[in-house]
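All remarks here apply to the structure that follows.
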Amino acid sequence: MIVMLTGGKGMLGRTLCAELTDFEIIPTDLPETDITDAANFDALLKKVRPDVVIHCAAMTAVDKCESEIDLAYKLNAFGTANVASACQRNGVRLIAISTDYVFEGDSDQPYNEFDRPTGGRTIYGKSKFAGEEAIRALCPDHVICRISWLYGAGGPSFVHAMMNLADGTRPVLKVVADQIGNPTSTLAVARALRNILNQRELVGTFHLTCEGEATWADFAAEIFRLAGRTQTIEPCTTDEFPRPAPRPKNSRLDKMMLRLAALPPMPHWQEALKEFMQKEFNC
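The sequence shown lines up with residues 1098 to 1380 when you count with this note's numbering.
Below, the structure is given as structure tokens:
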């Protein structure tokens, strides 16, 4: 099976290239491949003739999206529409990566795949939701995979940031404790995507975050425990770290579609983090 990636140089794209060796993976990215150039992308599909496109390319700098609105929509909505329409014209299955930011983030329960998103409260979330809607309208043969709190080899990620900050020079680290989510390894996502790739008949939206839940402070504490680093954490509120884009209080995603499709469950976040820390930091 030939699998073409957009955003192949990104954190998830790099993991997919390393992990999905049982497929013929063809990574693409800027500057050679520009998803905002519809004719260019269509010509690339005709040349490569993949069976599947995994669409990872996106503008994911959440705060930057707030100030560069046109660019966010150009990449996350317009570019995604180009990918979707090209896949439909060329008979290519599309698997697209999306985000928990498409939800408001104020529910007291995890969001499942049948909860109705609104695009959330950020330009990032609204532009990604516009991309989701373009996929649904333009390419029926699709799977949309939502992820959140992602970390992976090489970063950048929360895990790498915490490891860099816990260098012994800071007696106390303030870490947000009023946001909750599912810390998720790119390794776990890659394995779930392998299962989806191998079931050609699957369509729809799937949540692919790890099981279990944590606050950012909980996440940081587990990182330091696994790394054997003594670092004091002071839990703090979101309001103490104001950002241009509001962060969702609740980023938890329920994996109902994995259960309904009888696919293997995602690993618990602590087990996935342990595996990652061993591979990335030898601890």
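Built from N, CA and C at the ideal position, the CB exists for glycine as well.
These numbers come from a predicted model, not from an experiment.
Presumed contact (8 Å Cβ cut-off) between residue i and residue j, rounded CB distance
i: Ile1099; j: Arg1146; result: 7 Å
i: Ala1358; j: Leu1299; result: 6 Å
i: Pro1214; j: Phe1226; result: 6 Å
i: Leu1172; j: Ala1183; result: Not quite, the Cβ-Cβ distance comes to about 16 Å (not below 8 Å), so this is no contact.
i: Ser1282; j: Ala1369; result: 4 Å
i: Gly1325; j: Cys1380; result: 6 Å
i: Met1260; j: Phe1378; result: 7 Å
Residue j beta carbon less than 8 Å from that of residue i
i: Val1189; j: His1152; result: no
i: Arg1250; j: Arg1344; result: Looking at the sequence itself, residue 1250 is Ala, so the reference to Arg does not match. No, they are not a contact pair.
i: Val1159; j: Ala1342; result: yes
i: Thr1348; j: Gln1276; result: Looking at the sequence shown, residue 1348 is not Thr but Ser. Closer than 8 Å, so yes.
i: Leu1247; j: Leu1109; result: yes
i: Glu1308; j: His1365; result: yes
i: Glu1210; j: Met1363; result: no
i: Asp1238; j: Leu1191; result: yes
i: Ala1178; j: Ser1224; result: no
i: Ile1320; j: Val1256; result: yes
i: Thr1302; j: Ile1241; result: yes
i: Leu1323; j: Lys1376; result: no
i: Asn1292; j: Leu1360; result: yes
i: Thr1133; j: Gly1176; result: yes
i: Ile1122; j: Leu1113; result: yes
i: Thr1312; j: Ala1274; result: yes
i: Ser1245; j: Gly1278; result: yes
In DSSP terms, what residue i is bridged to
i: Glu1311; result: Strictly speaking, residue 1311 in this sequence is Ala, with Glu absent from that position. Answer is Gly1278, bridged to Ala1311.
i: Leu1247; result: Thr1281
i: Lys1271; result: Glu1331
i: Pro1124; result: Leu1102
i: Ala1232; result: Note that residue 1232 is Ile in the sequence shown here, rather than Ala. Beta-bridge pairing links Ile1232 to no other residue.
i: Cys1242; result: Ile1194 and Phe1303
i: His1365; result: Glu1308
i: Tyr1208; result: Leu1350
i: Ile1220; result: None; Ile1220 has no bridge partner.
i: His1152; result: Thr1103 and Ala1193
Nearest neighbour of residue i, chosen from the options [CA to CA]
i: Thr1118; options: Glu1165, Ala1178 and Ala1287; result: Ala1287
i: Gly1216; options: Cys1236, His1239, Trp1246 and Ala1174; result: Ala1174
i: Glu1331; options: Leu1270, Leu1142 and Val1149; result: Leu1270
i: Phe1338; options: Val1272, Thr1125, Asp1139 and Leu1172; result: Val1272
i: Arg1243; options: Pro1280, Ala1115 and Leu1370; result: Pro1280
i: Ala1263; options: Ala1317, Arg1218 and Arg1213; result: Ala1317
i: Phe1120; options: Glu1372, Leu1294, Cys1162 and Tyr1170; result: Leu1294
i: Ile1232; options: Gly1265, Arg1186 and Pro1253; result: Arg1186
i: Arg1267; options: Asn1292, Arg1218, Thr1329 and Glu1230; result: Thr1329
i: Tyr1198; options: Cys1236, Thr1157, Glu1165 and Asp1167; result: Thr1157
i: Arg1218; options: Lys1144, Glu1201 and Asp1212; result: Glu1201
i: Thr1398; options: Asp1336, Gly1278, Phe1373 and Gly1265; result: Here the chain comprises residues numbered 1098 to 1380, so residue 1398 is not present and cannot be evaluated.
i: Ala1314; options: Thr1334, Met1374 and Gly1252; result: Thr1334
i: Cys1162; options: Phe1373, Arg1340 and Lys1346; result: Arg1340
i: Leu1127; options: Leu1290, Gly1105, Lys1143 and Gly1228; result: Gly1105
i: Asp1148; options: Asp1167, Met1374, Gly1228 and Gln1296; result: Gln1296
Residue i Cβ short of 7 Å to the ligand ADP heavy atom set
i: Cys1184; result: Annotation note on the ligand ADP: not contained in the displayed structure, which lists no ligands.
Closer than 8 Å to chain C by CB, residue i
i: Ile1123; result: Of the chains in the structure shown, none is chain C; there is only one protein chain.
Any alpha helix (DSSP H) of 4 or more consecutive residues that is wholly inside the region 1130–1178
You should have 1135–1145, 1159–1164 and 1166–1170.
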